[in-house]
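> Quick one: this structure, given as C-alpha cells, is what I'll be asking you about.
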Amino acid sequence: MDTVLVAEGLNTFYGKSHILFDVSLKVNRQETLCLMGRNGAGKSTTFKTLVAVLKPRSGKILFNGIDITKKKPYEVARLGLSLVPEDRRIFPTLTVKENLLMGASTHRKGIWNLDMVFEFFPVLKDYQSRLGGNLSGGEQQMLTIARTLMGNPEVILLDEPSEGLSPVMVSTLKDLIIRLKSVGSTIILSEQNVKFAQSVSDRVVIIDKGSICYESDIETFKKNEEIKKAYLAV
Amino acid sequence: MEIYISQFIGGLSVAMLLFLVASGLSLIFGVANIFNFAHGSFYLLGSYIAYQTISLFPNFWIGLITATIGAGLIGAILEFIFLKRLYGRVNEGPFQILLTYSFILILDDAVKFIWGPEYKTIVKPDILEGSFVIGSIFIPKYNVFIIIVGIAIALLAWYVLNKTKAGMIVRASSLDRTMVGLLGVNVSMVMTAVFGIATALGGLAGAMAAPLRTVTPGAGIEVIIDSLIVVVLGGLGNFWGALLGALIIGEVNAFGILWIPQWASLLSFAIMIIVLIFKPQGLFSKSR
Amino acid sequence: MMNNIKGQYIGWIVFFIVFMSLAFLNPTEHTINIASKILVMGLFATAFNLLFGTTGLLSFGHALFFGLGAYITGMVVKSYGAEVFIPMVFLGGIISAIVSILLGFLCLRLTGVYFTMLTLAFAQLVWGITIKWYNFTGGDDGIQGIERPPLFDTFSSYYILILIVVFISMLLIYIVRSSPFGMVLRGIGQNPKRITFLGMNVYRHCLFAYVISAFFSAIAGGLFAGIDGSIHPNLFFWTQSGGVILMTILGGLNSFFGPLIGATIFIILEDVVIRQTEYWSFVIGVIMLSAVIFLPKGVISLLDFIQRLRKT
Amino acid sequence: MVLCEIKGLDKRFGGIHVTRSMDFKIQEGELSAIIGPNGAGKTTLFNLISGFIRPDKGQVFFMGRDITNMTPENITRLGMVRSFQVSSIFPDEKVFDNIFLAALSYHKKNWSFYKTNTAYKDAMKDAEIILNSLNLNEKAHLWAYELSHGDQKVLDIAIALAMKPSLLLMDEPTSGMSPDERKRMKVLLKRLHEEFKITIVFIEHDMDMVMDVAQKVRVLVQGQLIAENTPEVIMQTQSVIDAYLGEDGF
Amino acid sequence: MFKKHFLVLGLVAVIVLLSFSVSMAAEVIKIGALYPMTGRAGLYGKDSEAAIKIALDEVNAKGLVKGKYKLDVIITDDQSKPDYAVSVAKRYITSDKVKFLFGVISSAVGLAVTEVSKDYKVIFIGTDHAATDLTAHKFQRYYFRVSNNTYQSMFAGAMYLKDMPGWKKIAYIGPDYAYGRDQWLELRYGLDKLGVKYEIVGEFWPKLYEPDYTSYITAIIRAKPDILVAGFWGGDTVAFIKQAKAYGLFEKMKYFHPDAGGNYELFAAMGDELPDGLILSARHHNNWPPTKENKAFVDKFYKATGRYPSYAAQGAYAGILFIAQAIEKVGNPNDTEALVKALEGMKLKLPEDPEGFTSYIDPKTHQIVQMQAIGVTEKNDKFPPAKKMLGNFKVYPADKLMPTDEYVELLKKTKK
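Okay, structure coming up:
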C-alpha cells in the first residue's frame with residue numbers, strides 16, 4: 004500500500020519531562036487511522052510533533068518522502084499535513100468566512116474552496132458573516148475542520164474532535180468523516196470515545212505512557228476487549 | 020466666530036500630526052499586542068534619516084520615502100533579532116517594556132553619536148510653502164498636507180486591515196499566532212512585517228513633523244506619552260479610535276488654550292482621566 | 113514551599129549583612145549615598161511589586177506616592193524643623209494611603225493597559241500641579257536644604273536610620289505577601305474569576321494591596337527627602353514611575369528580592385557608567401538588552417542558576 | 016424542601032435569546048443533570064444563577080432569599096459554589112495551597128495579612144481532609160500546573176468543596192477526561208452527594224454518566240427547558256432524542 | 033563619520049597621555065563640572081565641554097602660579113535631574129576632592145547644587161543657568177555666576193521696549209516653569225519701573241518641549257498684540273518660529289525674545305527660513321561684540337568642533353578663566369575663603385565684552401556684570417549653516433541691569 008506519512012523513533016520532551024518514547028507510525032494513503040489512549044498518554048504531543056509545533060529530540064518524520072523533521076509548522080502545513088487542534092482555536096473576532104479564508108493560506112490547489120465547504124457544511128454558509136466567537140461549540144468544531152479543509156491538506160490530523168459535543172453532534176461528525184473518506188482524504192484521528200472511533204476508523208494505534216503499545220485493523224480491535232480494558236479502561 | 024473656526028482648524032492639524040505619530044504605536048499595540056516603548060525613537064530616526072537624505076539629495080519627497088523605509092527596516096531588523104525571542108515567554112509583556120526601553124537608550128544615543136547634538140532642520144518643499152487664506156483664517160498648506168496624509172493613512176489602514184487578505188492574517192495573528200502558523204502562514208514573517216510597518220509609520224511621522232519641529236536628540240521621548248494617550252483614549256487597536264482620540268486631544272487643547280491657558284498643558288491628562296472613568300475601555304470599545 | 117522559605121531566610125540574612133557591614137567598613141560618603149539610594153529605591157520597588165508581582169496590575173503612576181512622601185516630609189520639615197522629620201515620614205505614608213484609597217477607587221475598576229494609563233494620568237496631573245503651585249511647593253525649583261532628623265543628622269547615622277526603616281518595612285511587606293491576604297492577591301493574578309467564586313471581592317483586595325503599596329512607597333519617598341535634602345517635582349514624573357517598573361522587571365518580578373536587586377543594579381550602573389562615558393545610555397541599553405535576552409526571569413534567575421550549579 | 020428556585024429567568028445577548036423564561040426548582044438533596052446541545056444556554060444558566068451575569072427578567076431564590084441582584088461572591092458565601100468546564104485553579108500555586116486558599120476564604124481569613132499561613136489551623140485541617148478524601152494527598156506538594164488534566168478537574172472540585180457548599184453547580188465535570196477518569200468522577204460525584212450531603216446540579220454530555228449518576232435530568236434546547244424527568248424517561252422522550260441524543264447513541 | 037570619531041578618540045587619548053606626563057610636574061587642581069550631555073539639552077553640555085577644553089589649554093599652557101598648578105575638569109552628565117546632580121556634586125567633593133563645582137544648564141539643578149556648595153564650603157561657579165534667585169534671595173557666599181541672569185536680559189529688554197515707538201498691546205508666551213515665569217515677571221517689573229504704559233492681551237503657557245504650537249499661534253493671533261514677548265528655551269524657539277511663520281504671525285506683530293531667542297543654534301537650525309526683523313538677544317553672540325577676543329574665541333571653538341558655539345560655550349570658557357585668575361591671585365587653590373574674596377569684584381576681559389568694557393563680578397551678589405546687546409535678525413552668512421544673524425544691535429549698560437532690592441523683595445514674595 005502507498006505510505007504517505009512515516010514517523011520513526013520520535014522522542015519528544017516538554018521542558019525537562021520526556022513525553023514521547025520512540026514513537027513510530029506509518030500512515031497509508033486514504034485510510035483513517037485512529038490514535039487512542041488515555042489522557043496524558045501522548046496523543047496530542049504526537050500530533051504536535053508531527054506538525055512541528057514541538058520539535059523532537061530525536062527521530063525522523065517523512066511526509067511523501069520529504070524529511071519534515073526540521074521544518075516549521077507553516078512549511079509542514081504548506082506541504083499538506085494539517086492539524087485540527089483539540090481546543091479548536093477559532094479566531095473569535097474574525098467572521099466565519101474570514102476564518103475559512105485563513106485556512107486557504109497554504110496556497111494548495113485541490114477540491115476544497117468556499118463553495119465546496121459551504122456545500123459540506125450548510126450551517127456555515129448561513130452564518131458566514133457571524134463572528135467565530137459567537138458560534139456554539141458544535142458549530143465551532145465544524146468551522147475548525149472546514150477551515151483546515153480550505154487548505155486542501157493531503158493528510159488531516161483531527162485531535163479529539165468529539166470532545167465536548169452533544170451526542171447528536173457526534174453523529175453529525177461521524178457522517179462528516181465518512182463523507183471526507185469518500186472524497187479520498189487521509190485522516191488521522193485521536194479519540195477517547197471508543198464507540199465513535201470504531202464507527203469511522205480503518206486502523207487503530209494505541210499509545211500509552213508515550214509509547215505505541217498496540218496496533219491493528221479495526222475489526223481485530225473491536226474484538227479485543229482485553230486491550231480496551233488495559234489501555235482505555237472501557 | 021472666526022476665531023473658533025481658526026482655532027478648530029488649528030486643533031485639527033495638531034490632531035492629525037498626533038494621529039500620524041500614534042498610528043504606528045496603535046498598529047503594533049492593538050493589532051499585534053506588542054507595546055513598543057521605543058516608538059518615539061523610530062520617530063526620531065525618521066527625522067534624522069530624512070535630514071541625512073535631504074542633505075545628500077535635496078528633495079523632500081525622497082527624504083520622506085527613505086525615512087519611512089529606513090525606520091521600517093531598522094524596526095524589522097530589531098524585531099527579527101531581539102523581540103522575536105520574547106514571544107511566548109513568561110512575563111512576555113513586562114519584558115517587552117524592558118526590551119523596547121533598551122532600544123530607546125541605544126537608538127537615542129546612536130543618533131547623537133552619528134549626527135551630533137546640534138539641531139537639524141528640514142525645509143518644506145516649495146509647493147507646501149505658504150498658506151490658504153480665507154478671510155482672517157490662515158490654513159498653512161503644510162498642515163493641509165498633514166491632514167490629508169493622516170486621513171489617507173487611517174483609510175488605508177482600515178482598508179488593509181479589514182478588506183484584504185494581509186489584514187485578515189494580521190488580525191488573526193494577533194489572536195492566535197500558533198493557530199495561524201498551523202494554517203500555513205509564516206507568522207514569524209508577519210510579526211516582523213507588522214513591526215516594520217509600524218516603525219515605518221513612526222519614521223514617516225518623524226520625517227513629516229521635522230519641518231515643523233526641532234530635530235534634536237531626545238525629541239523622541241516627548242511624543243511617546245502623547246501617543247499613548249491617543250491610542251488608549253480611542254480604545255486599543257482601533258484606528259478610528261486613535262483618530263478620534265487624536266481629534267479630542269487636539270481640539271480640547273486648542274480651546275483650552277483659548278479659555279484656560281494656565282491649565283492647558285495638563286488638559287490631555289485630565290481628558291484621559293475623565294474618559295477612562297466613564298468609558299473604562301476607551302471610547303470605541305464594544306461593551307461586553 | 114519549605115525550600116522557598118529557607119531560600120528567603122538566606123536572602124534576608126544576606127540583605128541585612130551586606131547593608132549593615134557597609135556602615136562599619138569605613139566607606140566613603142559617596143558609597144553611603146549610593147547605598148542609601150539603593151535601600152530607598154529598593155523599598156519603593158518592593159512596595160510597587162506588592163501589587164504588580166502578585167496581581168499583575170501595572171501601575172504607571174506609583175511615583176505619585178513616592179513623591180507625595182518626599183514632599184510631605186520635605187515641606188513640613190522645611191517649615192517646622194527637623195524634629196518632625198520621622199513623624200512626617202510616617203504621616204506621609206498615612207496621607208499617601210488615604211490618597212491611594214481615592215485613586216484606587218477610580219483606577220482599580222479598570223484592568224490591563226487602561227489601569228496602567230489611568231494611574232499614569234493621575235500621577236502626571238499631580239506632577240503638573242506641583243510645578244504650577246509655586247507658592248506652596250516651590251515649583252520646579254524643588255525644595256532644598258531639608259534637614260535630617262536629630263540623632264540621625266550625619267550621612268552615616270542617617271544611613272542607619274534608612275537601613276532600619278527599610279528593613280522593617282520590607283519585613284512587613286514580606287509578611288503581607290506570605291499571609292493569607294498575600295495568597296489571595298496571587299490568586300487574583302492567576303485566576304480572578306475563581307477568587308470571585310470563592311466568595312472574595314477581587315476589587316477590594318486589590319484596593320487594599322494598592323493602599324499598602326502606596327503607604328510604603330511614600331515611606332521610601334520620605335526617607336529619600338533626607339538623603340540629599342533636595343527634592344524636585346521630577347519625583348512625580350512618569351520617568352520615575354517608569355524607573356521603578358524597569359528595576360522591578362530587570363531584577364525579577366516574581367521574586368520578593370527581585371525589585372531590590374533591580375534597584376541595586378540600576379543605581380550602581382547609573383553611577384559607574386555615567387562616570388565613565390558620555391554614551392552611558394548606549395552602554396546601559398546594551399546591558400539591559402542582554403539581560404532581557406539571556407535572563408528570562410530577571411537578574412534573580414542568576415541566583416537560581418548558581419543554586420542549580422551547587423546542587424549538581 | 017426547595018433549595019433554589021428559578022422564576023421566569025430571561026436573558027438576551029445582542030440579538031440572541033439565550034435564556035427564555037426559565038422556571039424550575041432545585042430540591043434540597045437532589046443530584047441532577049442538565050443536558051442539551053451545544054449552544055443551548057447551559058453555561059449561561061449557571062452564570063445567571065450564580066450572579067456572574069444579571070438576567071434581563073426573572074428572579075433567583077436561594078434558601079428562601081432573593082439573590083437575583085447579589086454579587087457572585089456574596090452568593091458563594093451563602094453556599095452556592097461552582098466548578099468550571101475548563102478547570103479553574105491557581106496554576107502557579109501548590110496543590111495544597113489551592114485548597115488552602117479556598118478554605119481560608121471559607122473561614123473568612125482572606126483579609127488576615129499579619130500572620131503567616133501556618134497560623135490558621137482550621138483552614139489547614141479542612142484542606143487536609145479534602146486532600147485526603149479526594150486522594151490528592153500524594154500530589155499536595157506539586158505545582159497545580161503539573162497535574163494531569165483529570166487531576167486538575169478534581170482539584171477544581173476540591174477547591175469548591177473547601178467552601179462547604181450546600182449547592183454545587185458543576186459545568187461538565189468529565190469534559191476532556193478519559194474513560195477511567197470518568198469512572199473516578201462518577202464515584203466522586205456519588206460520594207459528594209451521599210457522604211458530604213451536597214445538592215449537586217451538573218451539566219454533562221456523557222450520557223453514561225448521566226444515566227448512572229443523575230436522579231433527575233433537565234433538557235435545555237435553545238434557551239428553553241423542554242423536559243424535566245428521570246433519566247430513564249428522558250432517554251425515551253422523542254423531542255430529546257431529536258434535539259440532543261440522536262439515533263447513534265454515542 | 034565613524035572614522036572621524038575614532039580619530040578624535042585617538043587624539044583625546046594622546047592628549048590625555050601627554051597631559052598625564054606633564055602633570056607629573058604640576059599639581060592638578062580638579063574641577064567637578066555638571067552638564068547635561070544627552071537629550072534635548074545635550075547640545076549645551078557638549079558646547080560647554082568644548083569651551084572648557086579651549087580654556088584649559090590656554091590656562092595650562094601658561095601654567096598657574098608659575099607652573100605650580102594645572103587645572104583639570106571632570107564632566108558628568110547631570111541628566112538635567114537635580115537630585116542626581118546633587119549626588120554627583122557630593123561625590124565630586126568627597127571622593128574626587130574637587131576644589132570647585134562648575135557648570136549646570138538647568139536652574140533647578142543650579143539651585144540644588146548651590147546648597148551642596150554651601151554645606152561643604154566649596155566654590156560653585158555657575159556658567160549658564162539664569163534664575164535670578166541664585167544671586168538674589170538664594171544667594172550664598174560660595175556661589176558665583178559668570179553668565180547673566182534673566183533679570184539682566186529682561187531689564188535690558190524693558191529698556192529696548194521703552195525706546196520702541198508705536199506699541200501698546202503686549203502678549204507673552206513662555207514655558208510653563210520657573211524660567212518662563214521669571215522672565216515675564218521681570219519684564220513687567222522693568223516696564224513698570226521705567227514708567228512704560230502697556231496693556232497685556234494674553235499669556236500663554238505651553239509645557240517645556242511642547243512639540244506643537246499651532247493652537248497657541250492661532251490664539252495669539254486672535255489676541256492681536258503689537259508685541260509678542262517670548263520666553264522659550266532651547267529647541268522650542270525653533271519649533272515655534274517654524275510653525276508661526278506659516279500663519280503669518282511675524283507680519284502681524286513684533287517678536288521679542290530677549291533672553292535666549294538670539295541663540296546661535298536657532299540661526300543654525302533655521303537658515304533661510306528665519307524671518308527678518310525678529311528682536312532677539314542671547315547671553316553670548318558670535319558676531320557681537322566685533323572684538324578680536326570674541327572672534328578668536330569663536331574661531332577656536334569652530335576649529336575644535338567644526339561648528340560655531342551656542343551661547344553656553346562662552347559661559348563655560350569664562351568660568352575656567354575666572355578660576356584660573358583667582359588661583360593666580362591667591363597663589364594656592366586650598367584657601368577657599370581667600371578665593372572667595374579674590375573672586376568678589378574680580379575683573380576679566382571676556383569675549384563678550386565690547387571695547388572699553390570689562391566684565392566684573394559684583395561683590396555683593398556674586399553676579400557677573402556685563403553689557404547686554406539686543407539685535408534684530410538680518411541676512412548674514414558668515415557663520416554657516418546660519419544664513420541670518422543679529423544685527424543693528426542696541427547695547428545696554430551693565431550697571432543699570434542689576435536687580436534692585438525692591439525686586440528681590442518682590443521675587444521673595446512671589447516665589448516664597
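Chains as they are written, first to last, in the numbering used here: chain A, 4 to 237; chain B, 20 to 307; chain C, 113 to 424; chain D, 16 to 265; chain E, 33 to 448. Glycine is no exception: its CB is placed at the ideal position from the N, C-alpha and C atoms.
1. Would you say C/Phe131 faces chain E, with C-beta separation under 8 Å as the test?
2. For the segment 89 to 167 of chain A, which segments carrying the alpha helix (DSSP H) assignment without a break, of at least 4 residues, lie completely within its bounds, in sequence order?
3. Which residue wins for smallest C-alpha separation from C/Leu283, given the options C/Gly311, C/Phe172, C/Leu169 and C/Ala159?
4. Please classify A/Met105 as buried or exposed, where buried requires at least 16 other C-beta atoms within 10 Å of its C-beta.
5. So is D/Phe105 in contact with chain C if we call contact Cβ pairs under 8 Å?
6. Mind checking the segment 233 to 263 of chain D against chain A and listing, in chain order, the residues whose C-beta falls within less than 9 Å of any C-beta there?
7. What does A/Asn31 pair with, by DSSP beta-bridge criteria?
8. So which residues on chain E does C/Asp416 lean against when the C-beta distance must stay under 8 Å?
9. Flag B/Val242 as yes if its beta-carbon sits less than 8 Å from any beta-carbon of chain E, otherwise no.
10. For D/Arg97 and D/Gln74, what's the separation of their Cα atoms in angstroms?
11. Answer yes if the segment 131 to 150 of chain A comes into contact with the segment 20 to 31 of chain A, meaning at least three C-beta pairs across the two stretches below 8 Å, and no otherwise.
12. Note the first and the last residue of the continuous beta strand (DSSP E) segment covering A/Ser61.
13. Can you give me the C-alpha to C-alpha distance between B/Gln26 and B/Ala129, rounded to a whole angstrom?
14. Going by DSSP, what residues sit across from E/Tyr67 in a beta bridge?
15. Could you give the uninterrupted runs of the beta strand (DSSP E) lying entirely in the segment 51 to 104 of chain D, keeping only those of 3 residues or more?
16. Rounded to the nearest angstrom, how far is the Cβ of B/Leu201 from that of A/Leu86, given a contact under 8 Å?
17. Could you check how far apart the C-beta atoms of C/Ile331 and C/Val277 are, in whole angstroms? I think they sit under 8 Å.
18. Listed in chain order, which residues of the segment 98 to 114 of chain A have Cβ atoms closer than 9 Å to some Cβ of chain B?
19. Compute the Euclidean distance between the alpha carbons of D/Leu170 and B/Leu44, then round it to the nearest angstrom.
20. Have a look at B/Ile240, B/Phe288 and B/Leu302 and flag the residue whose alpha-carbon is nearest the alpha-carbon of B/Phe122.
21. What is the residue span of the beta strand (DSSP E) that E/Arg177 lies within?
22. Applying the criterion that 16 or more other CB atoms from any shown protein chain within 10 Å of the CB defines a buried residue, is C/Leu263 buried or exposed?
23. Touching or not, the segment 191 to 206 of chain C and the segment 385 to 400 of chain C, by the rule of three or more beta carbon pairs under 8 Å?
24. E/Thr159 touches chain H at which residues, Cβ-Cβ below 8 Å?
25. 8 Å is my cut-off, CB to CB: does A/Ala20 come that close to chain B?
26. Check whether the Cβ of B/Phe214 lies closer than 8 Å to any Cβ atom in chain C.
27. To be precise: take each residue of the segment 245 to 256 of chain C, compare its Cβ to all Cβ atoms of chain E, and keep it if any distance is under 9 Å. Which residues remain?
28. Please report whether the beta-carbon of B/Asn162 lies at a distance below 8 Å from any beta-carbon of chain A.
29. Within the same chain, show all residues whose beta-carbon is closer than 8 Å to that of B/Val199, passing over the 5 residues directly before and after it, in chain order.
30. Does any residue of chain D have a CB that is nearer than 8 Å to the CB of C/Gly410?
31. In chain order, what residues of the same chain have a beta carbon less than 6 Å from the beta carbon of B/Ala173, not counting five sequence neighbours either side?
32. Please tell me whether E/Leu166 and E/Ile352 are closer than 8 Å, where the distance is taken between their beta carbons.
33. At 3 residues or longer, and completely inside the segment 129 to 173 of chain E: list those beta strand (DSSP E) runs for me, N to C.
34. Taking the CB atoms as reference points, tell me whether E/Asn326 and E/Leu422 lie closer together than 8 Å.
Here's the rundown:
1. Within the third sequence, the letter at position 19 stands for residue 131 of chain C. For C/Phe131, the answer is no, since every Cβ of chain E falls outside 8 Å of its Cβ.
2. 99 to 106, 117 to 123, 125 to 129 and 140 to 152
3. Taking the third sequence and counting its residues from 1, the one referred to as residue 283 of chain C is at position 171. With distances taken between Cα atoms, C/Leu283 lies closest to C/Ala159.
4. By 1-based counting over the first sequence, the position of residue 105 of chain A is 102. A/Met105 is buried by the Cβ-count criterion.
5. Stepping through the fourth sequence from its first residue, residue 105 of chain D is reached at position 90. Output row for D/Phe105: interface = yes.
6. Ile256, Asp257, Ala258, Tyr259, Leu260, Gly261, Glu262 and Asp263
7. For the purposes of this step, residue 31 of chain A is identified with residue 28 of the first sequence, where counting begins at 1. A/Asn31 is bridged to A/Thr6.
8. Reading the third sequence from its first residue, position 304 is the one you call residue 416 of chain C. Ordered by position in chain E, no residue passes the 8 Å Cβ test against C/Asp416, which lies about 33 Å from the chain.
9. Against the second sequence, residue 242 of chain B aligns to sequence position 223. Yes, contact with chain E.
10. On the fourth sequence, position 82 is the one that residue 97 of chain D refers to. On the fourth sequence, position 59 is the one that residue 74 of chain D refers to. Spanning the two alpha carbons is a distance of roughly 19 Å.
11. no
12. Within the first sequence, the letter at position 58 stands for residue 61 of chain A. Start and end: Ser61 to Phe66.
13. Against the second sequence, residue 26 of chain B aligns to sequence position 7. Against the second sequence, residue 129 of chain B aligns to sequence position 110. Whole-angstrom Cα-Cα distance: 39 Å.
14. Locating residue 67 of chain E in the fifth sequence gives position 35, counting from the first residue. For E/Tyr67, which the question treats as bridged, DSSP gives the partners E/Asp109.
15. 72 to 77 and 95 to 98
16. Within the second sequence, the letter at position 182 stands for residue 201 of chain B. Within the first sequence, the letter at position 83 stands for residue 86 of chain A. That pair is a contact at about 5 Å.
17. Here residue 331 of chain C refers to the residue found at position 219 of the third sequence. Here residue 277 of chain C refers to the residue found at position 165 of the third sequence. The pair is a contact, with the Cβ atoms about 7 Å apart (cut-off 8 Å).
18. Glu101, Asn102, Leu104, Met105, Gly106, Ala107, Ser108, Thr109, His110 and Arg111
19. Counting from one through the fourth sequence, the residue named residue 170 of chain D turns up at place 155. Counting from one through the second sequence, the residue named residue 44 of chain B turns up at place 25. Distance between the alpha carbons of D/Leu170 and B/Leu44: 42 Å.
20. Taking the first residue of the second sequence as position 1, residue 122 of chain B is located at position 103. The residue with the shortest Cα to Cα distance from B/Phe122 is B/Ile240.
21. For the purposes of this step, residue 177 of chain E is taken as the residue at position 145 of the fifth sequence. Counting along the chain, the beta strand (DSSP E) containing E/Arg177 begins and ends at Tyr175 to Arg177.
22. Against the third sequence, residue 263 of chain C aligns to sequence position 151. Per the 10 Å Cβ criterion, exposed.
23. no
24. Although the question refers to chain H, the structure presented lacks it and instead comprises the protein chains A, B, C, D and E.
25. As a working mapping, residue 20 of chain A is identified with position 17 in the first sequence. Reading off the sequence shown, one finds Ser at residue 20 of chain A, where the question assumed Ala. Chain B, which has no Cβ nearer than 8 Å to the Cβ of A/Ser20, makes this no.
26. The sequence position of residue 214 of chain B within the second sequence is 195, counting from 1. Not closer than 8 Å to any Cβ of chain C, the Cβ of B/Phe214 fails to qualify, so no.
27. Tyr246, Asn247, Phe248, Gly250, Gly251, Asp252, Asp253, Gly254 and Gln256
28. As a working note, residue 162 of chain B is residue 143 in the second sequence. No, B/Asn162 does not count as interfacial toward chain A.
29. Counted from its first residue, the second sequence places residue 199 of chain B at position 180. Answer for B/Val199: Ile188, Ala191, Ser192, Val206 and Val209, listed in chain order.
30. Working through the third sequence from its first residue, we reach residue 410 of chain C at position 298. C/Gly410 does not count as touching chain D.
31. Working through the second sequence from its first residue, we reach residue 173 of chain B at position 154. Here the set comprises Phe258 and Leu262.
32. Along the fifth sequence, one-based indexing puts residue 166 of chain E at 134. Along the fifth sequence, one-based indexing puts residue 352 of chain E at 320. Their beta carbons are not under 8 Å apart, which means E/Leu166 does not touch E/Ile352 by this criterion.
33. 132 to 135 and 155 to 158
34. Counting from one through the fifth sequence, the residue named residue 326 of chain E turns up at place 294. Counting from one through the fifth sequence, the residue named residue 422 of chain E turns up at place 390. No; because the gap between Cβ atoms is not below 8 Å, this pair is not in contact.
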